[in-house]
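Numbering (full-length UniProt numbering), first residue to last: 1 to 275.
Heads up, the beta-carbon is just placed ideally off N, CA and C, and yes, glycines get one too.
Single-structure report; data block below.
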Ligand SMILES: Cc1cc2nc3c(=O)[nH]c(=O)nc-3n(C[C@H](O)[C@H](O)[C@H](O)COP(=O)(O)OP(=O)(O)OC[C@H]3O[C@@H](n4cnc5c(N)ncnc54)[C@H](O)[C@@H]3O)c2cc1C
């Protein structure tokens, strides 16, 4: 740990976009002008001055480190202050912290990204990284489940990912109104039916813990090796650098060893309900 890891840098909000009823995407620029390089899957500790600091994954393009993007769901006091910060507001940023998805490890095989709800935000940099190096992968699939059509994130980008980069984007919702012409059902059903070469696939999964547990099992049942199934774990975090212990999962510190971890390491821990 270095002193600079504990000291927030000041960023200004340059633009905001409302994605869904309770979710907003913020673009930030560093007041010192220095870009924030990051690997897809990493997070920052984002500080609303006078309110508090929480971990938020970076949802932007790793090829554009001068623009820091965060997609934030308003669930409590700190996330509310962050999600509703207007253009011009100044926020504190520490990081980037944690392990990344390791998208490059999927080169030469199929890449399967499975997201639930706002879990698409931490996967977006991985999608953009794969899109930029599309020739290096076999099939690239995005299997995405949202509660309802109104909660689908980045809907406007899905077509570009499919048309411009040959990504097989499949979306399903838990509940669809009459007018909804898309799929209804759980994202695990997409995993069971999707076409990919499981033995040579790398699978990246992000969503609520129960969704990740079922998805990881479905992927392993299809034949993806457990160490090639990677999940991003959400735990309460305060320091982000392995000091406070709030995010400890038995011997693992989610902020340092994760948030992205292989299912081979997580399966025994996830099977224990109390962890
Ligand atoms: C590595 C990592 C990446 C994350 N990335 C994002 C992201 O990209 N976008 C986003 O909107 N959120 C993300 N989160 C979750 C975010 O940190 C929490 O929503 C936030 O800490 C809630 O704080 P609060 O003060 O607003 O709400 P609180 O009042 O503290 O909590 C409101 C509700 O959220 C739950 N909660 C609190 N903290 C967490 C947490 N860390 N994980 C899960 N549930 C929590 C509480 O149990 C409670 O039910 C991430 C969390 C981690 C650990």
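Are the CB atoms of residue j and residue i within a distance shorter than 7 Å?
| i | j | result |
| --- | --- | --- |
| residue 231 | residue 211 | no |
| residue 88 | residue 207 | no |
| residue 201 | residue 224 | yes |
| residue 245 | residue 255 | no |
| residue 31 | residue 68 | no |
| residue 37 | residue 65 | yes |
| residue 57 | residue 121 | yes |
| residue 8 | residue 90 | no |
| residue 113 | residue 261 | no |
| residue 101 | residue 63 | no |
| residue 250 | residue 266 | no |
| residue 218 | residue 195 | no |
| residue 184 | residue 145 | no |
| residue 153 | residue 190 | no |
| residue 45 | residue 166 | no |
| residue 136 | residue 107 | yes |
| residue 168 | residue 141 | yes |
| residue 40 | residue 103 | yes |
Quick one: what does DSSP say residue i is sitting in, helix, strand or coil?
| i | result |
| --- | --- |
| residue 29 | strand |
| residue 48 | strand |
| residue 4 | helix |
| residue 36 | coil |
| residue 61 | coil |
| residue 74 | coil |
| residue 96 | strand |
| residue 86 | coil |
| residue 257 | coil |
| residue 264 | helix |
Could you give the C-beta distance for residue i and residue j, rounded to a whole number, given that I count them as a contact under 8 Å?
| i | j | result |
| --- | --- | --- |
| residue 81 | residue 51 | 4 Å |
| residue 110 | residue 197 | 5 Å |
| residue 173 | residue 134 | 27 Å between Cβ atoms; not a contact. |
| residue 42 | residue 97 | 6 Å |
| residue 70 | residue 59 | 6 Å |
| residue 23 | residue 73 | 5 Å |
| residue 99 | residue 259 | 7 Å |
| residue 123 | residue 61 | No, residue 123 and residue 61 are not in contact; Cβ-Cβ is about 13 Å, not under 8 Å. |
- Would you mind listing the alpha helix (DSSP H) stretches within the stretch 160-247 that are 4+ residues and don't spill past its ends, in chain order? 187-193, 209-222
- Task: Please list the segments of the beta strand (DSSP E) lying wholly inside the stretch 101-157, counting only runs of 3 or more residues, in order along the chain.
- Result: Within the stretch 101-157, the complete beta strand (DSSP E) runs of at least 3 residues are 111-116, 140-146.
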